[in-house]
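A.B. asks: Numbering (my numbering), first residue to last: 79 to 173.
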Amino acid sequence: MAQIERKSDVRIAGLALNMKGVERALDAGVDEVRYVVVASETFNQKNQGASIKETLTGLESIAGCVKESGRVFSAVIGASFGCPFEGRGHDRSGS
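1. I'd like to know if residue 165 contacts chain B, where contact means its C-beta is closer than 8 Å to some C-beta of that chain.
2. State the CB to CB distance for the pair residue 94 and residue 112, rounded to an integer number of angstroms; the pair is presumed to be in contact (CB under 8 Å).
3. My output table needs one value for residue 99: the three-state DSSP class, helix, strand or coil.
4. Let me make sure I understand the geometry here. Which of 149, 166, 157 and 118 has the alpha-carbon closest to that of residue 90?
5. The beta strand (DSSP E) spanning residue 110 covers which residue range?
6. Does the region 149 to 164 touch the region 116 to 127, meaning 3 or more C-beta pairs lie closer than 8 Å?
7. Straight-line CA distance for residue 131 to residue 86?
8. By a C-beta neighbour count over all protein chains shown, 10 Å radius and 16 as the cutoff for buried, is residue 107 buried or exposed?
9. For residue 158, I'd like the list of residues in its chain whose CB is within less than 8 Å of its CB, leaving aside the five on either flank, ordered along the chain.
Dropping the structure here:
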């Protein structure tokens, strides 16, 4: 981040998978933090080491942390349109 030439019309976003990633993104000076929940249970487990339910449980505290910092928070649904592990019609129940 320190080597990026900042422009006033460009917002820099950091993608975070958990609270530790959020803290690192904020410390690095991003303008926006994007928190990922993957639509596929298998992908979420492989990507974040947690179930969808566990990932969603952290959403509120992570959003609060980002908002307290004065930065923009966005939640992102990963593998929304297909999963490399479960295919296109994977289970979206979140269980």
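Virtual Cβ for every residue (Gly too), placed ideally from N, Cα, C.
C.D. replies: Looking at the atomic coordinates:
1. This model lacks chain B altogether; it includes just one protein chain.
2. Along the sequence shown, one-based indexing puts residue 94 at 16. Along the sequence shown, one-based indexing puts residue 112 at 34. Their Cβ separation, rounded to whole angstroms, is 7 Å, which keeps residue 94 and residue 112 in contact under 8 Å.
3. Residue mapping note: residue 99 aligns to position 21 of the sequence shown, counting from 1. If DSSP states are grouped into helix, strand and coil, residue 99 belongs with the helices.
4. Position 12 of the sequence shown holds residue 90. Nearest option by C-alpha distance: 149.
5. By one-based count along the sequence shown, residue 110 stands at place 32. Residue 110 -> beta strand (DSSP E) spans 110 to 116.
6. yes
7. Start at 1 with the first residue of the sequence shown, and residue 131 comes out as number 53. Start at 1 with the first residue of the sequence shown, and residue 86 comes out as number 8. When rounded, the distance between both Cα atoms is 37 Å.
8. Walking along the sequence shown from the start, residue 107 turns up at place 29. Its Cβ having fewer than 16 others within 10 Å, residue 107 is exposed.
9. Here the question's residue 158 lines up with position 80 in the sequence shown. Same-chain partners within the cutoff: 117.
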